Amino acid sequence: MTSRPGRPRIGFDARALAFPAGGVRRYTRELFSALPVLHPEADFVAVDPPPGIKLPPGVVRGARAFRLPTNLARMTFALPGAIRRSAVDLFHAPAYTAPLIGRCPTVLTIHDVSYERRPDFYPHALGPVRRWFYRRSAVCAARIITDSEFSRAEISAAYGIAASRVDAIPLGVGAPFVGAPPSGVASLAPGVRPPYVLHVGDLHPRRDLLTALRAVLGIRSRAWDAVPTLRLVCAGVDRGSAETLCRAAADAGAPEAVVLLGPVSENDLVSLYQHAAVLVYPSLYEGFGLPVLEAMACGLPVVAANAGSVPEVLGNAGILVACGDGRAMASAVREIISRPDHRAALGARGRERSKLFSWVQTAQATFAVYRSLLGVP
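Taking the numbering used here, the leading residue of the sequence shown gets 1, the next gets one more, and so forth.
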């Protein structure tokens, strides 16, 4: 597994390709689908690919790591050997942690540091050993990539790392979300029918879905021009908020106001964006906010909390409200539903803004980081 002379060999942690549906898996697959096309002068190697995983075209299969029970043990004892046996010149860890020792430089992608800046959202998930490992991964990496200028500043502040070692490279939006032909209502999942507001992403406490629910319930129960059948449809993995959300809807006498779909396919996600009234994104902390970009590309208006990186992504193409303000969110959503001209204008602005982001740009900027470390032109 050696490269031809002068041909850089770039490895990446292929385990991220098997992550649950979400932003990290999409980032890894889109990035390493684009890189071999844009840079055929380099070899791209999937280090420790999970059994049966389909690799992006142009990516070669590298060495497997021996199995260990935890990610920390794998990173410390197993992955360094797989990197060495894969004979790579540089290793890219696309999801927060990386081996602390190795024979080649490591690029580490940290999508956000919510676990450091808002540990109240993770009372049981990150013990002191894991937090130490996250920090050491950042300190030991040759370069760090993150998704936004907001996260760049947060990483620098959380870990005391010079901002010059951190590159802010925005994410992109995939072809299925750009100019997709309209789908019929029949394409929607069972139990999902317009009108509905949509939330996409893990159901995690930091996503503040209770604010979205309060907004929906407020619109359903208005004394005038109510929308009594409006629902909150959530697509994403439950990370501890589903039970609380359903209980709150039941306590309000409207258990049908919440529809939980779990993770959905990309095609189903496009259909959900196309038929929703609005995307609500009340998250209290984001490193990027990929669903915001996807919604804009589909022409779906966005109402989001004014927090984290979301204003950086959304620009003036959507509506920002104060964190936790269910009334303000309800007012913004209601205006979009009741004014087709307003909805169309927001949709057009979103589509235009989404053109500023692409996975090609993400890949090109990432390869520039590789070049700087490898010393190749």
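From the three backbone atoms N, C-alpha and C, an ideal C-beta is built for every residue, glycine too. Please read these numbers as outputs of a predicted model, since none were measured by experiment.
In the DSSP assignment, what are the bridge partners of D13?
-> V47
Which stretch, first to last residue, makes up the alpha helix (DSSP H) that contains T109?
-> Taken as a continuous stretch (DSSP letters only), T109 belongs to no alpha helix (DSSP H), being part of the beta strand (DSSP E) at T106 to T109.
Beta-bridge pairing of A235 - partner residues as DSSP gives them | For A235, which the question treats as bridged, DSSP gives the partners V200 and G262.
May I ask which residues mark the beginning and end of the beta strand (DSSP E) holding H92?
-> Element bounds for H92: L90 to A93.
Opening and closing residue of the beta strand (DSSP E) in which D167 lies = V166 to A168
Distance CB(R61)-CB(A46) smaller than 8 angstroms = yes
Indicate whether the contact test is met: 3 or more Cβ pairs, each with one atom in the region 195–209 and one in the region 230–245, closer than 8 angstroms.
-> yes
Enumerate in chain order the residues of its own chain whose CB-to-CB distance from L53 is below 6 angstroms, with the five nearest sequence positions on each side excluded.
-> Reading the sequence as shown, one finds Ile at residue 53 and not Leu. Cβ neighbours of I53 beyond the five flanking positions: L17 and A18.
Looking only at DSSP bridge pairs, what is Y281 linked to?
-> A304
Taking only the alpha-carbon atoms, compute the straight-line gap between L108 and Q274 and give it to the nearest angstrom.
-> 35 angstroms
If you run the structure through DSSP and keep just helix, strand and coil, what is T146?
-> strand
State the CB to CB distance for the pair A305 and P282, rounded to an integer number of angstroms; the pair is presumed to be in contact (CB under 8 angstroms).
-> 5 angstroms
Determine, using beta-carbon pairs with one atom in the region 248–264 and one in the region 289–309, whether at least three such pairs fall under 8 angstroms.
-> no
For E149, which residues from the same chain have a beta carbon less than 7 angstroms from its beta carbon, with the 5 sequence-adjacent residues on both sides left out?
-> A168 and E312
Cβ-based neighbour list, R85, same chain, cut-off 6 angstroms, excluding 5 preceding and 5 following | A63
Measure the C-alpha to C-alpha separation of F121 and S114 and round it to an integer number of angstroms.
-> 8 angstroms
Whole-Å CB distance - F357 paired with P94, under 8 angstroms assumed | Not confirmed; about 18 angstroms, so no contact.
Start-end ranges of the beta strand (DSSP E) lying completely within the region 311–357, minimum 3 residues | 319–321
Residue burial classification, I101 (beta-carbon count within 10 angstroms, cutoff 16) = Looking at its Cβ environment, which holds fewer than 16 other Cβ atoms inside 10 Å, I101 is exposed.
Do the CB positions of A235 and L213 come within less than 8 angstroms of each other?
-> Using a Cβ distance threshold of 8 angstroms, A235 and L213 do not count as a contacting pair.
So the alpha helix (DSSP H) V37 belongs to, where does it begin and stop?
-> Note, V37: alpha helix (DSSP H), G23 to L38.
Sub-8 angstroms separation of R165 and I145 beta-carbons = Here R165 is not near I145, since their CB atoms are 8 angstroms or more apart.
Should S137 and A98 be called a contact, given that it needs their Cβ atoms to be closer than 8 angstroms?
-> yes
Close beta carbons around L373, own chain, < 8 angstroms, minus the five adjacent residues each side = L90, P105, V107, A142 and R143
Distance, L320 Cα to V369 Cα | 33 angstroms
In this structure, does DSSP put V384 in helix, strand or coil?
-> Limits of the chain in this structure are 1 at one end and 377 at the other, which puts residue 384 out of reach.
DSSP on A250, reduced to helix/strand/coil?
-> helix
Given a cut-off of 8 angstroms, decide if H111 and V24 are closer than it, judged by their beta-carbon atoms.
-> yes
Identify whether P181 lies in helix, strand or coil by the three-state DSSP scheme.
-> coil
Near R118, which residues of its chain fall below 6 angstroms by C-beta distance, leaving aside the five closest residues on each side in sequence?
-> Within the same chain, R118 has close Cβ partners Y285.
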